[in-house]
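If you're matching positions, the sequence shown starts at 50 in the working numbering and goes up one per residue.
One structure is given below, encoded as structure tokens.
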Amino acid sequence: MTESARPLAAIVLEGLDNAWQPLVDRTAALSEQEFRWEPVAGCWSVRLVDDRWVVDWDDSDPEPAPVTTIAWRTWHIAVDALDSYSARLFGTTGTGLEGTAWVGDWSSARPLMQAAWRVFRDGVAGWGDDLFQPLGPAWGPFGEHTRLDLVLHAQREVIHHGAEIALLCDLFQAHHHPERPLQ
């Protein structure tokens, strides 16, 4: 087996970008109505509670997991995943939000998602090829996992939840605008 002439960091960053860009493209025309649309009863979403927007959450991880809205999924990607990783890895976040705090409209969520992505991606880029360093004690039982393990996990989160967002967009269009062809 021969080694690639490309540095590992370049390959990893390209993979991250290839996971992120379809989500950006797919949500470019997302409407405010789609953002919090609940396709079934009992969806987890984002709700206004005591004058602040928060996502529905249950620490017990209910089984089966509830269906979630685009709003909830954008929080999960930006705050629950990317920002939580960035806070532990780089000491900063893109959104400045923690826990279940989120926003109630797409026009606010979109730049926050982009900011969370940018902080995470730029931090990973700053590692260069130093991707095999263990994550360390801040990661609890995952402390022995490497930075590369986490980057691949983050990539999977973006792909997985981005695909769910795309499906919800398709379902919304089919439900609310059946005369329009799906993208």
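Quick reminder that beta carbons are idealized off the backbone N, C-alpha and C, glycines included.
Bear in mind the structure is a predicted one, so any value in this text is a computation, not a measurement.
| Item | Value |
| --- | --- |
| C-beta contact flag for GLY91 and PRO115 at 8 Å | yes |
| Three-state secondary structure (DSSP) of THR33 | The question about residue 33 has no answer here: the residues shown for the chain are numbered 50 through 232. |
| Where TRP166 falls: helix, strand or coil (DSSP) | helix |
| Limits of the alpha helix (DSSP H) - the one that LEU197 falls within | 196 to 225 |
| Beta-bridge partners of TRP151, as assigned by DSSP | In the DSSP output, where bridge partners are listed per residue, TRP151 has none listed. |
| Residues that VAL98 bridges to, as DSSP identifies them | ARG101 |
| Burial state of SER157 (16 or more Cβ within 10 Å) | exposed |
| Beta-carbon proximity list for LEU97, same chain, < 7 Å, skipping 5 on both sides | GLY153 |
| Any 3 or more C-beta pairs closer than 8 Å across the region 79 to 86 and the region 116 to 125 | yes |
| Minimum C-alpha distance to ASP110 - residue among TRP93, ILE126, PHE221, ASP179 | TRP93 |
| Pair within 8 Å by beta-carbon distance, ILE208 and ARG75 | no |
| DSSP bridge partner residues for TRP93 (one or two, in chain order) | THR117 |
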